[in-house]
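Chains as they are written, first to last, in my numbering: chain A, 1 to 172; chain B, 173 to 344; chain C, 345 to 516.
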């Protein structure tokens with residue numbers, strides 16, 4: 001079983017809902033570290049632009065060009081989940097504008113990382129009951145993608161990620 | 173006044189929105205520990221299946237069969253909120269498929285627990301201002317319910333809860 | 345560039361979506377501490393009522409009457425974001441009822457505060473990589489606004505904020 005994503009649901013509802021569901025599938029692919037699923041969500045010339053917003057000034061950190069580069073980044077360049085760990089990229093408060101075959105979303109995002117507690121040798125102490133582990137918010141910002149209809153299906157053309165937190169490449 | 177739920181809103185909008193609102197009412201009933209409100213959201217033979225997902229493998233923890241068993245679990249088996257405390261089960265990034273009188277949702281969920289600070293004897297220290305207390309994320313996972321239309325109203329037929337965190341029954 | 349809000353998107357979609365987008369713009373204005381943007385979201389006689397809910401009893405803390413009072417509170421009475429800091433008021437699980445030119449929303453809200461780490465003099469330690477800083481949930485509760493159509497545009501008529509956490513005015 002593919003972790004946490006065995007069910008495939010098709011798009012129904014208005015253009016606005018379909019567009020929002022592309023973003024919902026984007027965060028599923030990100031949390032599954034599933035480059036192939038991610039690739040399907042982008043247009044043939046789709047790209048991802050990543051920014052850090054510092055006191056209101058957006059500086060561009062890097063760009064991923066084309067579905068293959070995007071898929072590779074998701075499948076191979078992201079840190080794997082630790083044992084018992086998972087992530088949830090969540091989005092909120094979507095502002096969506098659809099104009100024919102082009103759509104823009106402005107959404108907030110919060111990333112949570114979860115880590116299940118490990119059962120101690122000899123078992124849990126007497127009286128232990130309930131869910132064991134931690135849920136920690138680790139990233140936040142805005143997603144501002146532009147989508148286009150390709151062969152009748154809404155896809156991400158340019159996905160823009162605006163991080164609240166500064167991004168450090170090793171040793172800077 | 174019933175805590176935090178005095179307003180009753182009816183369903184309007186598309187099937188997709190109505191279906192999503194059933195889930196919105198589900199989390200309200202869960203946070204209110206209101207078994208009677210919860211019962212109304214399920215079909216006559218509705219059930220809840222609870223899973224823990226461990227490194228991608230879903231293991232079923234338990235099942236609640238029928239609205240009465242579900243209502244009892246919510247009203248009587250959940251830990252009550254502590255004094256000054258509340259919970260928020262929140263859902264995000266819904267992927268919804270409607271096929272006639274059957275609908276599937278795939279949603280992320282995050283649970284937050286809030287706890288208001290207690291005013292010290294003699295009052296707050298000089299200079300204290302603002303909201304006092306804590307908001308802590310405590311649970312996360314996916315809700316993947318199937319809904320059915322019963323007498324023209326969307327209801328939960330099988331609600332599936334997939335927890336990220338392991339669940340410990342006492343003494344295991 | 346106005347921090348994090350350079351894009352202006354218009355309303356499309358159903359009444360329910362338009363109503364929800366007013367709330368999405370409300371949280372953007374709150375996070376931008378932008379009183380002028382906030383003012384545009386309220387009717388001419390719009391107001392904000394702020395409550396604290398204590399063990400299920402809502403006590404009203406204060407009221408802001410009219411768009412000018414609301415704009416002033418947002419622009420001048422809120423604590424500014426610290427250097428490298430930002431906020432995200434997020435909303436979830438909207439229950440929306442539209443009746444002609446009046447609409448009610450019941451939504452959960454969680455506020456997150458983010459704070460970017462400061463680069464140490466001499467740079468980050470060797471091996472440092474990734475997003476540096478913190479994301480902290482700081483407020484939670486319910487938004488229960490009533491909206492009205494004014495000149496064909498949905499606006500907040502009475503916005504009601506129900507806080508989980510007690511609010512302390514200085515020295516109480």
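Idealized CB from N, CA, C, for every residue including glycine.
Can you name, in chain order, every residue of its own chain whose Cβ lies under 8 Å from the Cβ of residue i, other than the five neighbours on each side?
i, result
"residue 510/C", "396, 398"
"residue 107/A", "23, 91, 92, 93, 94, 95, 142, 143, 144"
"residue 205/B", "246, 247, 250, 252, 253"
"residue 41/A", "22, 25, 26, 29, 155, 156"
"residue 445/C", "492, 493"
"residue 235/B", "219, 220, 221, 222"
Is there a Cβ from chain C that is less than 8 Å from the Cβ of residue i?
i, result
"residue 51/A", "no"
"residue 168/A", "yes"
"residue 289/B", "yes"
Under 8 Å, Cβ to Cβ, is there at least one residue of chain B near residue i?
i, result
"residue 509/C", "yes"
"residue 352/C", "Low confidence applies here, because residue 352/C scores a pLDDT of 45, under 50, leaving its location unreliable; read the following figure in that light. So, not an interface residue."
"residue 129/A", "yes"
Could you pull out every residue in the same chain whose Cβ sits closer than 7 Å to the Cβ of residue i, ignoring the five residues on either side in sequence?
i, result
"residue 459/C", "426, 428, 429, 477, 478"
"residue 207/B", "243, 244, 246, 247"
"residue 3/A", "Any reading at residue 3/A is ruled out, since the residue's pLDDT is 41, under 50, leaving its predicted position unreliable."
"residue 188/B", "268, 270"
"residue 231/B", "223, 224"
"residue 162/A", "51, 53, 58, 141, 142, 144"
Can you round the beta-carbon distance between residue i and residue j to whole angstroms, since I take them to be within the 8 Å contact cut?
i, j, result
"residue 312/B", "residue 109/A", "15 Å between Cβ atoms; not a contact."
"residue 67/A", "residue 39/A", "4 Å"
"residue 156/A", "residue 46/A", "5 Å"
"residue 222/B", "residue 233/B", "5 Å"
Leaving aside the five residues before and after residue i along the sequence, list all residues of the same chain whose C-beta is less than 6 Å from its C-beta, in chain order.
i, result
"residue 498/C", "362, 363, 366, 491"
"residue 150/A", "43"
"residue 37/A", "29"
"residue 462/C", "none"
Check each candidate in the options and name the one with the smallest Cα separation from residue i.
i, options, result
"residue 374/C", "442/C, 464/C, 445/C, 431/C", "431/C"
"residue 469/C", "101/A, 121/A, 168/A, 163/A", "168/A"
"residue 14/A", "45/A, 151/A, 34/A, 103/A", "103/A"
"residue 496/C", "464/C, 387/C, 370/C, 466/C", "387/C"
"residue 89/A", "137/A, 60/A, 59/A", "137/A"
"residue 160/A", "149/A, 99/A, 65/A", "65/A"
"residue 502/C", "461/C, 444/C, 449/C", "449/C"
Applying a beta-carbon distance threshold of less than 7 Å, which residues of chain C neighbour residue i?
i, result
"residue 284/B", "454, 481, 484"
"residue 193/B", "439"
"residue 260/B", "452, 454, 484"
Counting only Cβ pairs nearer than 7 Å, list the residues of chain A close to residue i.
i, result
"residue 250/B", "What residue 250/B touches in chain A: nothing, since even the nearest Cβ is about 10 Å away."
Does any residue of chain A bring its CB to less than 8 Å from the CB of residue i?
i, result
"residue 265/B", "yes"
"residue 188/B", "yes"
"residue 447/C", "no"
"residue 368/C", "yes"
Under 9 Å between beta-carbons, which chain B residues line up against residue i? List them in chain order, please.
i, result
"residue 83/A", "227"
Which residues in chain B sit within 7 Å of residue i, going by Cβ to Cβ distance?
i, result
"residue 371/C", "The premise fails here: residue 371/C is roughly 14 Å from chain B at the closest Cβ pair, so nothing lies under 7 Å."
Please list the partners that residue i has in chain B, where partner means a Cβ-to-Cβ separation under 8 Å.
i, result
"residue 38/A", "By Cβ distance, chain B contributes nothing, its closest Cβ being about 15 Å from residue 38/A, past 8 Å."
Starting from residue i, find everything on chain C with Cβ-Cβ shorter than 9 Å and list it in chain order.
i, result
"residue 326/B", "Near residue 326/B there are no residues of chain C at all, since even the closest Cβ is about 13 Å away, more than 9 Å."
"residue 185/B", "358, 359, 360, 361, 440, 442"
What residues of chain C sit near residue i, judged by a beta carbon separation below 8 Å?
i, result
"residue 305/B", "508, 509, 510"
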